[in-house]
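Here's the structure, in structure tokens; my notes come after.
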Amino acid sequence: METKASVLANSACYHCGEDLNGMAISYDDKQFCCAGCKGVYQILAENNMCNYYAYNDTPGKRFDQHSHFEYLDEESIVKQLIDYQDKESTIVTFFIPAIHCSSCIWLLEHLYKINTAIYSSRIDFIKKEVTISFKKQEISLRNVVETLSTMGYEPTISLQDVVKENGKSVNKEIILKIAIAGFCMGNVMLFSFPEYFGLTNLEKEFQYLFSWLNLAFSIPVAFYCGKAYFVSALASLKHKHINLDTPLALIIAVLFIRTAISTLFNNGPGFADTLTGLVFLLLMGKWVKQRTYHHISFDRDYRSYFPIAITTIKEGKEKPVAINELSIGDRLWIRNGELVPADSILMKGDAWMDMSFVTGETEPQQKVLGEIIYAGGKQMGEAIEVEVVKLVAQSYLTGLWNKAHYTAGFKENFNDSVAKYFSLAVFIIAFGAAGYWVFENDSNKAWAAFTAVIIVACPCVLALSTPFTLSAILSVFDQKGFYVKNTDAVEELAKCNAIVFDKTGTLTSTENAKVHFSATLSPEDKMLIVSLLRHSSHPLSRQILTSLDVNQFYAISKYKETPGKGIKGIVNGKIVYAGSTRIVPFGIAIAPLNGVHIVIDSTYLGCFVVAQEWRNDLAVLMNKLQKNFKLKVLSGDTNKDEKALSRFFAPATEIKFEQSPKQKLEAISNLQEKGSSVMMLGDGLNDAGALKQSDFGIAITDNINNFTPGCDAILKGSSLHYLSNFHQLSKDGLKVIKISFAIAIAYNCVGLYYAVQGTLYPLVAAVLMPISTITIISFTTIATRFFARKNKLS
Amino acid sequence: MNILYFLVGCSLVMALIFLAAFIWSLKNGQHDDLHTPGIRILFDDEVEQLPTTKTDQDHFSE
Chain A
9 METKASVLAN
19 SACYHCGEDL
29 NGMAISYDDK
39 QFCCAGCKGV
49 YQILAENNMC
59 NYYAYNDTPG
69 KRFDQHSHFE
79 YLDEESIVKQ
89 LIDYQDKEST
99 IVTFFIPAIH
109 CSSCIWLLEH
119 LYKINTAIYS
129 SRIDFIKKEV
139 TISFKKQEIS
149 LRNVVETLST
159 MGYEPTISLQ
169 DVVKENGKSV
179 NKEIILKIAI
189 AGFCMGNVML
199 FSFPEYFGLT
209 NLEKEFQYLF
219 SWLNLAFSIP
229 VAFYCGKAYF
239 VSALASLKHK
249 HINLDTPLAL
259 IIAVLFIRTA
269 ISTLFNNGPG
279 FADTLTGLVF
289 LLLMGKWVKQ
299 RTYHHISFDR
309 DYRSYFPIAI
319 TTIKEGKEKP
329 VAINELSIGD
339 RLWIRNGELV
349 PADSILMKGD
359 AWMDMSFVTG
369 ETEPQQKVLG
379 EIIYAGGKQM
389 GEAIEVEVVK
399 LVAQSYLTGL
409 WNKAHYTAGF
419 KENFNDSVAK
429 YFSLAVFIIA
439 FGAAGYWVFE
449 NDSNKAWAAF
459 TAVIIVACPC
469 VLALSTPFTL
479 SAILSVFDQK
489 GFYVKNTDAV
499 EELAKCNAIV
509 FDKTGTLTST
519 ENAKVHFSAT
529 LSPEDKMLIV
539 SLLRHSSHPL
549 SRQILTSLDV
559 NQFYAISKYK
569 ETPGKGIKGI
579 VNGKIVYAGS
589 TRIVPFGIAI
599 APLNGVHIVI
609 DSTYLGCFVV
619 AQEWRNDLAV
629 LMNKLQKNFK
639 LKVLSGDTNK
649 DEKALSRFFA
659 PATEIKFEQS
669 PKQKLEAISN
679 LQEKGSSVMM
689 LGDGLNDAGA
699 LKQSDFGIAI
709 TDNINNFTPG
719 CDAILKGSSL
729 HYLSNFHQLS
739 KDGLKVIKIS
749 FAIAIAYNCV
759 GLYYAVQGTL
769 YPLVAAVLMP
779 ISTITIISFT
789 TIATRFFARK
799 NKLS
Chain B
150 MNILYFLVGC
160 SLVMALIFLA
170 AFIWSLKNGQ
180 HDDLHTPGIR
190 ILFDDEVEQL
200 PTTKTDQDHF
210 SE
């Protein structure tokens, strides 16, 4: 045990666990991979907080650069971020993507040890959020964020934080309603028990009390817990349309009125037990339906990508300004790695824009002075100065969201379409039975039969089978890395008959990209290159280092890193360059490739190219999908991969390149106009418009916690090959719902037999409902499992 | 048998107290985060001197 641990400690960074590659920085007998990791350890050691390392081995995360937080000194920006403020304290909540283990919780909840002005900090591990309360006289918000940042827990502060949506209260309300309905149901059952087992004379004495108590319990159930059904039924009647809530509201009303009447006139037991049981079960169904992955956000748009503030230059001075307050003509100062938030014109500097958000094209483009830079471009290189020409909300990319592009209107699900016919049939039977008894001159029985038919023909099962089946399917999906937004979306998935793919990041994977060198390298050259690259923290350098796997190094002098361009240094007396074409000295012939070019002593050696890897089993998947779907590929990239791509698809498949986000969106609406139900798979912000327009948008990601654009479902890249199985299971799910509907009708027929005769005893109704409910729920659970196994998903 | 009236009243009051307790806990946010408190409770209290070797080994060596 002991030896194993020490071996681990020797080859990996004590803080972050990264391989040391022979370049350790020692401190306190511990080895660190970089100054950053050592810095964090130092802070923790000084504050006697090394418990951090006791809960997990190497809990830290490597971090490379610090952002600028000057904007957090601006009062107007701070106001938008904080949750609560009074004279003494301020409370603020941050999203911190780096939270990943129990050590993180321990450290972040002991922030008060590092800075006493922080009163307390609380973590929500699933949401990766920390809520901090601090004394604002002693520490500013900026200091708090910088403290977090120096420990490697840099919060992500995006424009979406400013526009906080509150979906939480809805969920709380339904739980409250379930609690009250469940409480009332239990008590009503208790007081109805004597009735169930037949009343002795002694118990008759209490009958009066019990039925009044039951009525009292029915009131909050019908009017508080069941309120939503009445509201929804009235709203749909106003639109001359019947949804599933209409018959449900009618039943709740009838049950309540009958209970009230029999209690007031003391003529037999009421239906309080059925009423409370019904509402409780309905609310459970609703809750299951609402259950969603609250830690995954499906509604992200450009606001989660954009920072909340940007540096402007006014009269030669830098000043941070909130993005919503930018106006046309403002001069912006964009540093390396920062995003241009609004369409602007380049005024000063060497602009190399990574436009992958906008176009999907991954290679940076050079812009000349006076050229327009679209919002969403990321600067890769030295800082540049630009002038805003369009407001943020009206810029090219953001305009995609704000315009009323999205035509997808009201989507009718299976339940609502059945509800129409169902309600009609119930009314015909109810009026038929009442009419018969009126004709027979028995008005008491006419009333009894009318109400009993409505009570028995409860579409309760219908309201329950859908959420239970679909949520069972949701959990099958999520075991396979497919997170669907809600149960309604599963129905949409089943209806799809056309699929549109994006290429980069969707059909190809960015994670297992492989590094190739265009020529061969001698061991001596390799050592030179490795000695240079190990000083750089750029992800490409790291990738190349791992691929070369050399463990001997030369000393290096005059090391210089130019952001966005590359690095150079003198290794073993030779000048070594590594980087893009722009760092290589003028006059050296270079292969026209994109990647890391290597030049040693004015001799061009070649270029490291990161090749995109196609995802696993793509050919098998496409073969399966081709049978049932119309396929299409829309790529924002150039057509350099056309040959490789077309071998996966049938010859007739349409493959388009150099598609702008708008063209993608239009292609999807064209398909929809032709009557197709379109599924879209994409990954970047450039697909976001298309994802939103499609009937079922799937965002593909290699890491669930990464930012994904707004969509109906998030799919792990490694599970892409299950796509056809997912679709089949969703179709089978609809089949299960239809079968359970048939079973429910069989139960209803038994009840109706008694109901039309006007002899439905409350006890029969009270027993029939739970029995049918239990049958349906167990049926849907078993059937869903069966189909999941059949589709090889469990 | 009149005592039953009293007992029914008692059971109702008790049940209402529990319901009120649940509603209070819900409004208080105790059901918002069901994951983190489970981890938090496992953290040891602060010790001045950090133990150099950690965890299970110690139990067996004695």
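Note that the protein sequences, when read in sequence, are chains A and B. Just remember that my numbering sits 8 ahead of the position in the first sequence, which is counted from 1. Just remember that my numbering sits 149 ahead of the position in the second sequence, which is counted from 1. For glycine and all other residues, C-beta sits at the position ideal for the given N, C-alpha and C. Quick caveat, the model's predicted, so the values are computed rather than measured.
Any beta-carbon of chain A closer than 8 Å to the one on residue i?
i        : result
B/Ala170 : no
B/Asp182 : yes
B/Met163 : no
B/Leu156 : no
B/Ile188 : yes
Buried or exposed: which applies to residue i, given that a residue is buried once 16 or more other Cβ atoms fall within 10 Å of its Cβ?
i        : result
A/Asp36  : exposed
A/Ile186 : buried
A/Ala412 : For A/Ala412, the pLDDT reaches just 47, beneath the cut-off of 50, and the residue's location in the model is therefore unreliable, although a value from the coordinates is still provided. Exposed, because fewer than 16 other Cβ atoms sit within 10 Å of the Cβ of A/Ala412.
A/Gly44  : buried
A/Ser727 : buried
A/Ala416 : Note on A/Ala416: pLDDT 47, under 50, position unreliable in the model; the coordinate value appears next. With fewer than 16 other Cβ atoms within 10 Å, it is exposed.
A/Trp445 : buried
B/Cys159 : exposed
A/Gln145 : exposed
A/Leu515 : buried
A/Ala241 : buried
A/Ile803 : What the structure shows of chain A is the stretch from 9 to 802, and residue 803 of chain A is not part of that stretch, so it cannot be assessed.
B/Gly178 : exposed
B/Thr185 : buried
Taking CB distances under 8 Å as the criterion, tell me whether residue i reaches chain B.
i        : result
A/Gly175 : Reliability of the predicted coordinates at A/Gly175 is poor, the pLDDT of 48 falling under 50, and the value obtained from them is presented with this limitation in mind. Judged by the 8 Å Cβ criterion, A/Gly175 is not in contact with chain B.
A/Asp37  : no
A/Leu184 : yes
A/Phe214 : yes
A/Asn123 : no
A/Ile113 : yes
A/Lys294 : no
A/Ala773 : no
A/Lys235 : no
A/Ala359 : no
A/Lys522 : no
A/Ala187 : yes
A/Lys248 : no
A/Leu428 : The sequence shown places Lys at residue 428 of chain A, rather than the Leu named in the question. It does not: the Cβ of A/Lys428 has no partner Cβ on chain B nearer than 8 Å.
A/Lys640 : no
A/Lys739 : no
A/Lys632 : no
A/Lys576 : no
To the nearest whole angstrom, what separates the beta carbons of residue i and residue j, a pair I think is in contact under 8 Å?
i        : j        : result
A/Val764 : A/Ala457 : 6 Å
A/Ser219 : A/Gly278 : 6 Å
A/Lys640 : A/Glu662 : 5 Å
A/Ser126 : A/Leu115 : Sequence inspection shows Ile at residue 126 of chain A; the Ser mentioned does not correspond to that position. The pair is not a contact, with the Cβ atoms about 13 Å apart (cut-off 8 Å).
A/Trp341 : A/Glu326 : 6 Å
Do residue j and residue i come within 8 Å of each other at the CB atom, strictly closer than that value?
i        : j        : result
A/Ser702 : A/Met687 : yes
A/Tyr296 : A/Ser479 : Correcting the residue identity first, residue 296 of chain A is Val in this sequence and not Tyr. Taking 8 Å as the Cβ cut-off, A/Val296 and A/Ser479 qualify as a contacting pair.
A/Phe97  : A/Phe142 : Residue 97 of chain A is actually Ser in this sequence, not Phe. In this structure, A/Phe142 lies closer than 8 Å to A/Ser97 by Cβ.
A/Val579 : A/Leu536 : yes
A/Tyr313 : A/Ser166 : yes
A/Phe273 : A/Ser226 : no
A/Gly345 : A/Gln374 : no
Is the closest heavy atom of the ligand ATP to the C-beta of residue i under 7 Å?
i        : result
A/Ala471 : The ligand ATP is not part of this structure, which contains no ligands at all.
(Q) What are the residues in the segment 191-212 of chain A lying within 7 Å of chain B by C-beta distance? (A) Phe191, Asn195, Leu210
Q: Taking only beta carbons into account, state which residues of the segment 132-145 of chain A come closer than 7 Å to chain B, listed in chain order.
A: Asp132, Phe133, Ile134
Q) Any residues in the segment 82-115 of chain A with a beta carbon nearer than 8 Å to a beta carbon of chain B? Which ones, in chain order? A) Ser110, Ile113, Trp114
Q: Identify each residue in the segment 439-461 of chain A for which the Cβ-Cβ distance to at least one residue of chain B is less than 8 Å, and report them in chain order.
A: none
Q | Residues of the segment 309-335 of chain A with Cβ closer than 7 Å to any Cβ of chain B, in chain order | A | none
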